[in-house]
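A quick write-up on the structure given underneath.
2 protein chains.
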Amino acid sequence: MLRLEELSLNIPDTTKPRVVIIGGGFGGINLARKLSGKDFQVVLFNKQNYHGFWPLLYQVATAGLEPDAIAEPLRKMFDEDYEDFHFRPIRVTRINSESKTITTLIGDLRYDYLVIATGTKSNFFGNEQIKKYSFPLKQIPDALNLRSQLLQSFEMANMTKDPEKRQSLLNIVIVGGGPTGVEMAGSLAEMRKHILPGDYPGMDFSQMNIYLVEGLDRVLPPMSPESSHKTHKYLEEMGIIIKLKTLVESYDGEVVTLKGGEQIRTQTLVWAAGVAGATIEGMPPETVERGKYIVNRFNQVQGFTDIFAIGDIAKMTTDLFPNGHPGVAQPAIQQGQHLAKNFKRLLRGETYEPFEYFDKGSLAIIGRNRAVADLPKNVHLGGFIAWMAWLFVHIYYLIGFRNKLVVLINWVYRFFTYERGTRLIIRAFVRKDDKQGQEFIKLQRMD
Amino acid sequence: MLRLEELSLNIPDTTKPRVVIIGGGFGGINLARKLSGKDFQVVLFNKQNYHGFWPLLYQVATAGLEPDAIAEPLRKMFDEDYEDFHFRPIRVTRINSESKTITTLIGDLRYDYLVIATGTKSNFFGNEQIKKYSFPLKQIPDALNLRSQLLQSFEMANMTKDPEKRQSLLNIVIVGGGPTGVEMAGSLAEMRKHILPGDYPGMDFSQMNIYLVEGLDRVLPPMSPESSHKTHKYLEEMGIIIKLKTLVESYDGEVVTLKGGEQIRTQTLVWAAGVAGATIEGMPPETVERGKYIVNRFNQVQGFTDIFAIGDIAKMTTDLFPNGHPGVAQPAIQQGQHLAKNFKRLLRGETYEPFEYFDKGSLAIIGRNRAVADLPKNVHLGGFIAWMAWLFVHIYYLIGFRNKLVVLINWVYRFFTYERGTRLIIRAFVRKDDKQGQEFIKLQRMD
Numbered sequence: 001m002l003r004l005e006e007l008s009l010n011i012p013d014t015t016k017p018r019v020v021i022i023g024g025g026f027g028g029i030n031l032a033r034k035l036s037g038k039d040f041q042v043v044l045f046n047k048q049n050y051h052g053f054w055p056l057l058y059q060v061a062t063a064g065l066e067p068d069a070i071a072e073p074l075r076k077m078f079d080e081d082y083e084d085f086h087f088r089p090i091r092v093t094r095i096n097s098e099s100k101t102i103t104t105l106i107g108d109l110r111y112d113y114l115v116i117a118t119g120t121k122s123n124f125f126g127n128e129q130i131k132k133y134s135f136p137l138k139q140i141p142d143a144l145n146l147r148s149q150l151l152q153s154f155e156m157a158n159m160t161k162d163p164e165k166r167q168s169l170l171n172i173v174i175v176g177g178g179p180t181g182v183e184m185a186g187s188l189a190e191m192r193k194h195i196l197p198g199d200y201p202g203m204d205f206s207q208m209n210i211y212l213v214e215g216l217d218r219v220l221p222p223m224s225p226e227s228s229h230k231t232h233k234y235l236e237e238m239g240i241i242i243k244l245k246t247l248v249e250s251y252d253g254e255v256v257t258l259k260g261g262e263q264i265r266t267q268t269l270v271w272a273a274g275v276a277g278a279t280i281e282g283m284p285p286e287t288v289e290r291g292k293y294i295v296n297r298f299n300q301v302q303g304f305t306d307i308f309a310i311g312d313i314a315k316m317t318t319d320l321f322p323n324g325h326p327g328v329a330q331p332a333i334q335q336g337q338h339l340a341k342n343f344k345r346l347l348r349g350e351t352y353e354p355f356e357y358f359d360k361g362s363l364a365i366i367g368r369n370r371a372v373a374d375l376p377k378n379v380h381l382g383g384f385i386a387w388m389a390w391l392f393v394h395i396y397y398l399i400g401f402r403n404k405l406v407v408l409i410n411w412v413y414r415f416f417t418y419e420r421g422t423r424l425i426i427r428a429f430v431r432k433d434d435k436q437g438q439e440f441i442k443l444q445r446m447d
Numbered sequence: 001m002l003r004l005e006e007l008s009l010n011i012p013d014t015t016k017p018r019v020v021i022i023g024g025g026f027g028g029i030n031l032a033r034k035l036s037g038k039d040f041q042v043v044l045f046n047k048q049n050y051h052g053f054w055p056l057l058y059q060v061a062t063a064g065l066e067p068d069a070i071a072e073p074l075r076k077m078f079d080e081d082y083e084d085f086h087f088r089p090i091r092v093t094r095i096n097s098e099s100k101t102i103t104t105l106i107g108d109l110r111y112d113y114l115v116i117a118t119g120t121k122s123n124f125f126g127n128e129q130i131k132k133y134s135f136p137l138k139q140i141p142d143a144l145n146l147r148s149q150l151l152q153s154f155e156m157a158n159m160t161k162d163p164e165k166r167q168s169l170l171n172i173v174i175v176g177g178g179p180t181g182v183e184m185a186g187s188l189a190e191m192r193k194h195i196l197p198g199d200y201p202g203m204d205f206s207q208m209n210i211y212l213v214e215g216l217d218r219v220l221p222p223m224s225p226e227s228s229h230k231t232h233k234y235l236e237e238m239g240i241i242i243k244l245k246t247l248v249e250s251y252d253g254e255v256v257t258l259k260g261g262e263q264i265r266t267q268t269l270v271w272a273a274g275v276a277g278a279t280i281e282g283m284p285p286e287t288v289e290r291g292k293y294i295v296n297r298f299n300q301v302q303g304f305t306d307i308f309a310i311g312d313i314a315k316m317t318t319d320l321f322p323n324g325h326p327g328v329a330q331p332a333i334q335q336g337q338h339l340a341k342n343f344k345r346l347l348r349g350e351t352y353e354p355f356e357y358f359d360k361g362s363l364a365i366i367g368r369n370r371a372v373a374d375l376p377k378n379v380h381l382g383g384f385i386a387w388m389a390w391l392f393v394h395i396y397y398l399i400g401f402r403n404k405l406v407v408l409i410n411w412v413y414r415f416f417t418y419e420r421g422t423r424l425i426i427r428a429f430v431r432k433d434d435k436q437g438q439e440f441i442k443l444q445r446m447d
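Going down the list, the sequences are from chains A and B.
Note that UniProt numbering gives residue 426 to position 426 of the first sequence, counting from 1, and the numbers run on in steps of one.
Note that UniProt numbering gives residue 12 to position 12 of the second sequence, counting from 1, and the numbers run on in steps of one.
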């Protein structure tokens, strides 16, 4: 077998400035794409070998899109046309600013410029029980686990004798009323209305309850009150049970207890309630505020000239955004592109230019013909127009010709047929401790 | 949590004859589709909740197609239009012919007619070591594991210092020169030529060796000598190392030893060398010959009038096929359709008609513009014409409008761009014992 000791990073030495980028999300790839290998050596670290289009991840969880449609291999995005570009599917474990190196399990690497673009990870606020039993929705394997869990639950509900147990299989509780939670809830509601009755003719899906639990006083808190109100109306039209100003106290895999005491029996708790910055060891604590690196308008981390942070992991405060930029794709994309420009200016002996966020507006989709959009200058759209805008923007930004086509076809196909193509339990979902999934695969495997 | 004791099959009682089908492959679904719910109650058991188009499985393993493109949810194929049809994603553990019931983990079910359509499973000929370390290619998770293993091996090779270890990572040994082995080898050769050099600019893929090991004296033994000869030529043109009349003695996960003593260091041994019928407990031993149920021309299992076997699990000998029909899709499809006709004849008080196999010919693809076809009347095609025929036939037979489109687009796209879209390590491949995969994920996960 191969041991880690036998591996090394194998990054060629160079006389060019070496830019080390940690993270292949929207920020990282937009920075790397704009840096020419003639001027810089670019080294990109990312745990997965693909770039994920996370705004559509909920589509994978609800069997609307295949995982491959929202992910693009990083080596395909940065092919031979990218001179002196080096991708390593490796986790960076430590930053050593004094020696200007980063540490990985197979060796250290010197950097001239280090860019932290690690984004966020699910935040369970220290609740180990919820971490253990709930379904987060941050990565493709999360979405595939949730897809399997949902489909397995329907199959189990179709075979259970106990009405209370059936109800707990048909109760889906989504915690978090942000874009992910709202879009997940809407997608499940469409599945309940258009797909499941045809798949399970014997079953009564009016029993299927979709709960959306939000701690604040409105859904989609990052968006305008107008859009929140429209979204609330859409969700209720689609039969989603919305609980505002409600926090989750505990979940034991069987019963979720809400603050205030209300209890809901469910086998599936979707955790879209919060994220925390994916910080890296070695940085001084004073550079971090609430899980994000404090950066100036040049994205330089406080106290450093050669360490930068972009996207969700960066906290840049401006007059327009006193609490930092919204945690969506656009600021990350723009900061990545802007930082590339600044690196080039530096080479030309010019000074950095401060980052200015250009707000293109934000969108959320609740269902077919139901979406909301906040555009600049306080323009708020809803309904079909917003839905078309959402569709266009997402297909446009999906990276990779093929993926766009596959996604487009899936969309057109689903729009006209109300069909979902990918209701596959490819890997049964199984928790390590003997829970429902274990029982499910017992049904299929005897050996 | 949910316990199996809380589940039951929940199949409604009926006065109609109940046809129980075990297996949702080509035979099972073509039988079920032709039986009307007005005349019969149809109960289909299949371990997965989807029907797989297995002839294209190798495409998933080599990152050419996404898994969802070759699989169709069974509940989507048999929707509300199919009256009194019942699918259960459950394994049948036993047949009790005396009581005319089948046994599952959640209860027994009575049948009037039982159809065994379980197909085949990988056959390691009792070699536990090969079973443990090799990569079979029978199910979608097999293909995804192999895809991850191949991509992980390239990433590791790109980071290893030891030339011998790099070689063992770049050596791929495919055991079995049948259609699966040949198509897998051809697809890997195209990947080596058109994809990998662009993905790994620093690496020399002339070092990558693809071995195809076959025990008999020609590749594609089921096809005509002409096609075998053409295929052999194509494979050699593509730089595949073919070893005929060669058997594998052992493989310890590091070194494969061939009968005769030759050894090849490889981390990836693809096992396409044999299949065995997936028989079920409870049937008398005399009904089974070399892993298949002996059936008459009506597909009735020897000694039974109410138990049938179709497709790969059935051994029907005719003058034209003294050793049974070839283990491909066509006989299964035709036997399923024919048995449906016979069941309907029975209802009309008519007698069964004997099955007659209509040979539409057989096809195999080696690479772009390289395929072979054996057509009736000893017509043998090769090259571009056969390739187009292969493409047409496979797209035509892929079940489901959407999947056909996705597959077609992938094909057109790949044909013109030499690109493969789905080179994703979505789940790192990890063996239970601490092998290479374990090391690989260590690179990515610290927590």
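Even glycine gets a Cβ: it sits at the ideal position worked out from N, Cα and C.
These numbers come from a predicted model, not from an experiment.
Item                                                                                                                                                                                                       : Value
At a Cβ threshold of 8 Å, is M446/A touching chain B?                                                                                                                                                      : Note that M446/A scores a pLDDT of 43, beneath 50, so its modelled location is shaky; the value from the coordinates is reported in the next line. Interface residue, yes.
Run the CB neighbour count on K47/A, radius 10 Å, all protein chains shown included, and call it buried at 16 or more, exposed below.                                                                      : buried
Please list, in chain order, all residues of the same chain as S8/B whose beta carbon is under 8 Å from its beta carbon, the five residues on each side excluded.                                          : I106 and G107
Return the first residue and the last residue of the alpha helix (DSSP H) that G107/B is part of.                                                                                                          : Taken as a continuous stretch (DSSP letters only), G107/B belongs to no alpha helix (DSSP H), being part of the beta strand (DSSP E) at G107 to R110.
List, from N- to C-terminal side, the alpha helix (DSSP H) runs of 4 residues or more that fit wholly inside the stretch 277 to 350 of chain A.                                                            : 329 to 347
Run through DSSP, which three-state label would A428/B get?                                                                                                                                                : coil
I'd like the list of long-range same chain contacts for A272/A, defined as Cβ closer than 7 Å, with 5 residues on each side in sequence excluded.                                                          : L137, I174, V175, G176, G178, T180, G181 and M184
Within the stretch 122 to 199 of chain B, note down every full beta strand (DSSP E) run reaching 3 residues or more, in order along the chain.                                                             : 171 to 175
With three or more beta-carbon pairs closer than 8 Å as the criterion, would you say the stretch 217 to 230 of chain B touches the stretch 247 to 254 of chain B?                                          : no
In three-state terms, what does DSSP make of G383/B?                                                                                                                                                       : helix
For G24/A, which residues of its own chain have a beta-carbon under 7 Å away from its beta-carbon, when the five flanking residues on both sides are left out?                                             : L44, N46, H51 and L74
P17/B to P201/A, Cα distance in whole Å?                                                                                                                                                                   : 20 Å
Going by C-alpha distance, which of Y211/B, N296/B and P376/B is nearest A309/B?                                                                                                                           : N296/B
Pull the bridge partners of P73/B from the DSSP assignment, please.                                                                                                                                        : Y50/B
Can you tell me which of D162/A, I333/A, P326/A and G277/A puts its alpha carbon nearest to the alpha carbon of N10/B?                                                                                     : D162/A
What residues of chain B sit near residue 463/A, judged by a beta carbon separation below 7 Å?                                                                                                             : No information on residue 463/A is available, as it lies outside the stretch 1 to 447 that chain A covers here.
Looking only at C-alpha atoms, which of L391/B, H394/B and D359/B sits nearest to N378/B?                                                                                                                  : D359/B
How would you call I130/B, buried or exposed, if buried means at least 16 neighbouring beta carbons within 10 angstroms?                                                                                   : buried
Which residues in the same chain have their Cβ closer than 6 Å to the Cβ of Q337/A, if we skip the five residues on either side of it in sequence?                                                         : N30 and K34
Please report whether the beta-carbon of E190/A lies at a distance below 8 Å from any beta-carbon of chain B.                                                                                              : no
Shorter than 7 Å, the distance from the beta carbon of M184/B to the closest heavy atom of the ligand GTP, or not?                                                                                         : Of the ligands one can find in the structure shown there are none, so the ligand GTP has no counterpart to examine.
For I385/B, count neighbouring C-beta atoms within 10 Å of its own C-beta (all shown protein chains included) and say buried if the count is 16 or more, exposed if not.                                   : exposed
Would you say Q48/A reaches chain B, if we count a Cβ-Cβ gap shorter than 8 Å as a contact?                                                                                                                : yes
Residues of chain A with CB under 7 Å from S206/B, in chain order?                                                                                                                                         : Those within 7 Å of S206/B in chain A number zero; the least Cβ separation is about 16 Å.
With the cut-off set at 8 Å, would you say P67/A and I140/B are in Cβ contact?                                                                                                                             : no
Given a limit of 8 Å on CB to CB distance, which residues of the stretch 3 to 27 of chain B reach chain A?                                                                                                 : R3, L4, E6, L7, S8, L9, N10 and P12
I need the straight-line Cα distance from S97/A to D312/A, nearest angstrom please.                                                                                                                        : 21 Å
Quick one, which residues of the stretch 170 to 191 of chain A are near chain B if we go by CB-CB under 9 Å, in chain order?                                                                               : none
Compile a chain-ordered list of the residues in the stretch 268 to 294 of chain A whose CB is closer than 9 Å to at least one CB of chain B.                                                               : none
Taking Cβ-Cβ distances shorter than 8 Å, what residues in chain B pair up with E80/A?                                                                                                                      : P197, G198 and P201
What span of residues does the alpha helix (DSSP H) with Y357/B cover, start to end?                                                                                                                       : Segment: none, Y357/B is in no alpha helix (DSSP H) and carries neither H nor E.
Leaving out five residues on either side along the sequence, give the residues of the same chain with a beta carbon under 8 Å from the beta carbon of L216/A.                                              : G177, L244 and K245
If contact is defined by three or more beta carbon pairs under 8 Å, each pair taking one atom from either stretch, is the stretch 100 to 120 of chain A in contact with the stretch 275 to 288 of chain A? : yes
What whole-angstrom Cβ distance do L150/B and T268/B have, given they're in contact under 8 Å?                                                                                                             : 7 Å
Would you mind telling me which residues of chain A sit closer than 7 Å to P73/B, beta carbon to beta carbon, in chain order?                                                                              : R423 and L424
So residue 448/B contacts chain A; which residues on that side make the cut at Cβ distance below 7 Å?                                                                                                      : Since the displayed chain B opens at 1 and closes at 447, residue 448/B lies outside it and no answer follows.
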